[in-house]
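Trainee: All residue numbers for the sequence shown refer to my numbering, where the first residue is 28 and numbers rise by one.
I have a structure I would like to understand better, so I am pasting it below and will then ask my questions one at a time.
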Amino acid sequence: MKIIAMCIVGVIVLVVGLWPQSAQQQEDPKAAIKRQHRDARYGGQHNSITNMDNGEVRVYWPHFVEPAEENAETPQQEAIVQNRLAREQITKRKEVACAANFVVLGKVKDLKGYVTADDTAIYTVYKFAVNSIHRSPQPSNIKPGSEIEVTLPGGTATHKSGRTVTVEDVNYTALLPDADYLLYLKYDQEADDYYVFDMIGVYKVAANGVVVRNDSKHHYFAWRSKRAKEPTALYEVLTEISQANCSQ
28 MKIIAMCIVG VIVLVVGLWP QSAQQQEDPK AAIKRQHRDA RYGGQHNSIT
78 NMDNGEVRVY WPHFVEPAEE NAETPQQEAI VQNRLAREQI TKRKEVACAA
128 NFVVLGKVKD LKGYVTADDT AIYTVYKFAV NSIHRSPQPS NIKPGSEIEV
178 TLPGGTATHK SGRTVTVEDV NYTALLPDAD YLLYLKYDQE ADDYYVFDMI
228 GVYKVAANGV VVRNDSKHHY FAWRSKRAKE PTALYEVLTE ISQANCSQ
């Protein structure tokens, strides 16, 4: 009987010891769908994260050549170029606003980077506290005070090898903790996931209402934005959004 009792106790101890590990390995189905969609959205890049050294930073700088039609040698030519760029950028901002499922103003509360399953890219998940909603053409549970997860390409993450690596995409400059942003978001309904889909869909908002578009780290975009005299105040951007006629 003692032998049987000892065997039973041993089995119980084994089951109890393995149960937490088994529970950890069983990923929540909704979380699994979200992870799979994020891997598909950001993976498939050409460079492997596996080959990066611990602490290495990889920066993706897009290369642009100034179009010949943007050259200006006289004030008159510059005025023509500026007017054309202004019209183009107004159209582009409207397209992005109308393509967005949501435009929200809020604050970054936390962030964490992840390596895609194929080891080719890093994306960051930001916990974002919504203060106000400025576009919501479809029914949603988002309301002021909601906290949602928003993803952007790039960031710092710990690889499965234990190495900490960083990938920076200057089109999508990393969001800063405790900073305020206006975000243009797509909504992945199947994964219940929000993500920035265009590089002009992120504005950092200062306390005085001045906005800086997040792609301004790239000198070409910053210079082009200045020439096009794009909005520099939050109220200007919000006015454009509210007046956008997305049916045209």
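Idealized CB from N, CA, C, for every residue including glycine.
When you compare each of 266, 83, 253, 133 to residue 106 by their alpha carbons, which one comes out closest?
Mentor: Taking only the C-alpha atoms, the option nearest residue 106 is 253.
Trainee: Within 10 Å of its beta-carbon, does residue 180 have 16 or more other beta-carbons around it, so buried, or fewer, so exposed?
Mentor: Burial call: buried.
Trainee: I need the boundaries of the alpha helix (DSSP H) containing residue 59, first residue and last residue.
Mentor: Residues 56-69.
Trainee: Leaving out five residues before and five after residue 265 in sequence, what residues of the same chain have Cβ atoms less than 7 Å from its Cβ?
Mentor: Answer for residue 265: 161, listed in chain order.
Trainee: When DSSP labels each residue in this structure, what does residue 158 get in the three-state scheme?
Mentor: If DSSP states are grouped into helix, strand and coil, residue 158 belongs with the strands.
Trainee: Can you tell which of 189, 183, 205 has the C-alpha that lies nearest to the C-alpha of residue 195?
Mentor: Nearest of 189, 183, 205 to residue 195, Cα basis: 183.
Trainee: Which residue from 268, 201, 251, 176 puts its Cα closest to that of residue 65?
Mentor: When each option's Cα is compared against that of residue 65, the closest is 176.
Trainee: What number of angstroms, rounded off, separates the C-alpha of residue 48 from the C-alpha of residue 242?
Mentor: Because the pLDDT of residue 48 is 46, which lies under 50, any placement of that residue in the model is unreliable, and the number read from its coordinates should be weighed accordingly. Straight-line Cα distance between these residues: approximately 43 Å.
Trainee: Cβ of residue 220 within 9 Å of Cβ of residue 211?
Mentor: No, the Cβ-Cβ distance between residue 220 and residue 211 is not below 9 Å.
Trainee: In this structure, how does DSSP classify residue 164 when only helix, strand and coil are distinguished?
Mentor: In this structure, residue 164 counts as coil in the three-state DSSP scheme.
Trainee: Does residue 60 have its Cβ less than 9 Å from a Cβ in chain D?
Mentor: Note that chain D does not occur in the displayed structure, where there is just one protein chain.
Trainee: Let me make sure I understand the geometry here. Which of 133, 53, 230 has the alpha-carbon closest to that of residue 198?
Mentor: Closest option to residue 198, Cα to Cα, is 230.
Trainee: Do residue 192 and residue 155 have their CB atoms nearer than 9 Å?
Mentor: It is not a contact, given that the beta carbons lie outside the stated cut-off.
Trainee: Taking only runs that begin and end inside the segment 185-271, name each unbroken beta strand (DSSP E) of 3 or more residues, in chain order.
Mentor: Correct list: 191-196, 207-215, 220-223, 229-232, 238-240.
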